[in-house]
Structures are given as structure tokens and as C-alpha cells.
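Below you'll find the structure, written out as C-alpha cells, and then a few comments.
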Amino acid sequence: MAGYSKHINSWAGFAGIKGPGFCVICGQFGELTRDHVPPKGCVQITNAILRRLTMDSERRERSRSSIYIQGGLKFKTLCSMCNNELLGLNFDPELKYFVDNMHRGLQAVASNVVLPRIVRLEANLHLVAKSVIGHVLAAHPVGDTRTWRPNIGASESLRQYFIHPDRPFPQDWHLYCWPYLSRKQVILRHAAWMDVSLPKPGEKTVYGHLLKFLPFGFWLTHNQPMGFVIDALDITPRGVPDTTREVISFNLRHTPHHLYPENPSGHHIMLFANEQSSVVIPAITSTTSDGESRHGQS
9 MAGYSKHINS WAGFAGIKGP GFCVICGQFG ELTRDHVPPK GCVQITNAIL RRLTMDSERR
69 ERSRSSIYIQ GGLKFKTLCS MCNNELLGLN FDPELKYFVD NMHRGLQAVA SNVVLPRIVR
129 LEANLHLVAK SVIGHVLAAH PVGDTRTWRP NIGASESLRQ YFIHPDRPFP QDWHLYCWPY
189 LSRKQVILRH AAWMDVSLPK PGEKTVYGHL LKFLPFGFWL THNQPMGFVI DALDITPRGV
249 PDTTREVISF NLRHTPHHLY PENPSGHHIM LFANEQSSVV IPAITSTTSD GESRHGQS
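FYI, the numbering used here numbers position 138 of the sequence shown as 146, with every residue one higher than the one before it.
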């Protein structure tokens, strides 16, 4: 059991690799830092249960496929510049501003202060996008820091956009966002969604990355076909990055199910590798009669 837990720690980014490694974003070789995903300023850091997106059906196997974690999900994959300077100082504060205002908007709607059920927010979409992209890129298995990959395929344009302050958002990508009203946090990288009802084979599939935490879901999609409908607001940044904030409106009556899109239904299919997923569920700690702590999902 100890060996299995050590294996879980490695892919989660907790154990890390002793000594220096390659930053998975910029490639700098040196000491690596732990990146909170989602960023710690945007979520309440609690003790939690970490698992994969899919679990074995047997209870014994489920217990071996999850682990109790403290202080939130962290990936030891970024250099100090990418983690503390670019994300921590430049990009994450705008995502936190976006998140905090959404929380206030949801509270106003719940108190019937705002009617109809529409929340209007302001945000610099370039900064929000770079924050989301940075944390998605950071969510690598720690083994990926052993070697440097100068090209990571479709996501390379996202990496270059994150690093360079004057680059526009990549034309081959879109960023979608929607209200997500669950405390379960979901990270899903390198997944594909297929709509089998579409007539042309080349227009059935969209590839991308997913990051969900209360109160938002974010979905980065690559080369999305025109006929592939996504039930979320397109907040793809336009033009060259600047300091402008835009007004964004969310109609809470059209909020997708909290399992969207990782639990497809109807004529939709999802393809993914389980090791590219991380699901964090807040834990409830109870004490047994003999004084031992027992952890469960909330």
C-alpha cells in the first residue's frame, strides 16, 4: 500500500523529483516550485480526497485508487519565474478578481437582489486565459520534468502565448467558460469529445483541456468544428493583450449540469487517458471509537 501511495504522489506532483528539473512551461532547468491547481487564491484550501476521473467498481480497488491530501492539489513542475512571477503576480490576481465577483453575483441572485438570474462581470480575458492556461500546463506528472520537450504539439501555441506578453490568443484555440456550482475540482488534459450525430467525419471531434472549480468551468478547445456545439460562453480573448476589461454576462438559467462535459450523454462520446485526469473532492474527517481519524468524501 505504501508503494501505491508513493506512485499516486508522483503523478499528483506532491513527491516531486529530488534535485532540479525542467520547468514544463519555459524549459528552464533548476529548482522547481509547487503550483496550486486551481490557484490557492481562487478556492478554499481544504483537506480532500484525490482520485482519477474514472474509478474501479470494487470498493477495495476504489480505496487503492484515491488518496487523502492536505493543502490542496499541487504540481511540482514550474520554475519560480513561471509560478511566482507570471502566474502569481501577473495572471492569477485577475482570475481571482473574476472568481470573487462571480461569488458575489451568485450570492446576490440567491438573495433575490438580482432579477432575472443574470450575473454581469468584468474581466481582462487575456489575463484570465493566461492564468487558466498556466495552471493547465502545470498539471503534468512530475516525471515530465526530467526532460525538456521543445514542442508539445497542439498545446505549444498555448505555451508560447503564456510566455510572450505581446502575442495574441492562438487562432486554433477557443476558451469557453460557464458557472460551475460544485465543490468538486476537475482537471482533464488531452481529451477528445465526439458528436457522432454530425455527418462529416472530420467535423465530429474536438480536442482540448478542462479545468473546473467553484464557481467556474473552463474548457480550452483546439480546432473546434463549426457544427460542434458547446454549451458554454465563448470568452476567447481577441486582439493583442492589453489592460482592458470586458463585460461578461452569465445566464444562470442556462447553466450546464455540474458533470458537463466529462460525463457525456446522448450522441456524445469522450476519449481520454485516465492518468491525465485529477479529481479533488473535499474530505470529511471523523474520529473512530479508538481515536483514529477516518476520511470520507463530502
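Note that the Cβ used here is the ideal one computed from N, Cα and C, for glycine as well.
The secondary-structure analysis by DSSP pairs Ala56 across a beta bridge with Ile77 and Pro290. Rounded to the nearest angstrom, the Cβ distance from His266 to Tyr188 is 7 Å, consistent with a contact under 8 Å. Within the DSSP bridge table, the entry for Gly225 names Trp186 and Lys220 as partners. Put simply, the backbone Cα of Ser88 is about 14 Å away from that of Gly27. The closest CA to that of Arg125, considering only Asn91, Arg261, Ala291 and Asn282, is found on Arg261. Where Glu130 is concerned, there is no enclosing alpha helix (DSSP H), although the beta strand (DSSP E) around it starts and stops at Ile126 to Ala131. Per DSSP, reduced to three states, the secondary structure at Glu270 is coil, with no helix or strand assignment.
One Cα belongs to Asn259, the other to Gly38, and the distance between them is close to 46 Å. With 16 or more other Cβ atoms from the protein chains shown falling within 10 Å of its own Cβ, Ala147 counts as buried.
The shortest CA-to-CA distance from Pro149 to any of Ile292, Ala291, Ser286 and Pro290 is the one to Ser286. A Cβ-Cβ distance of about 14 Å is found for the pair Thr213 and Trp227, leaving them out of contact under the 8 Å criterion. The beta carbons of Glu283 and Glu130 sit about 38 Å from each other, so the pair does not count as a contact at 8 Å. Straight-line measurement puts the Cα of Ser139 at about 11 Å from the Cα of Leu219.
Taking C-beta atoms as the reference points, Tyr215 and Ala162 count as a pair closer than 8 Å. Here the alpha carbon of Ile141 sits roughly 15 Å from the alpha carbon of Asp242.
Residues Pro187 of the same chain have their beta carbon placed closer than 6 Å to that of Thr263, with the five preceding and five following residues left out of the count. Closest in alpha carbon position to Asp203, among Ile171, Ile238 and Pro173, is Ile238. In summary, Lys84 is buried, with 16 or more beta-carbon neighbours lying within 10 Å of its beta-carbon over all protein chains present.
The beta carbons of Leu103 and Pro47 sit about 7 Å from each other, so the pair counts as a contact at 8 Å. It is roughly 14 Å from the alpha-carbon of Ala240 to the alpha-carbon of His217. Take Leu145, set aside five residues on each side of it, and the residues of its chain with a beta-carbon closer than 8 Å to its own are Val32, Ile33, Ser163, Leu166, Arg167 and Phe170, in chain order. For Asp108, the enclosing alpha helix (DSSP H) covers residues Asp100 to Ala118. For Arg197, the enclosing beta strand (DSSP E) begins and ends at Gln193 to Asp203. Phe37 is bridged by DSSP to Phe30. Leu279: member of the beta strand (DSSP E) spanning His276 to Leu279, first to last residue. A check of alpha carbon separations from Asp152 across His276, Gly29 and Met278 identifies Gly29 as the nearest.
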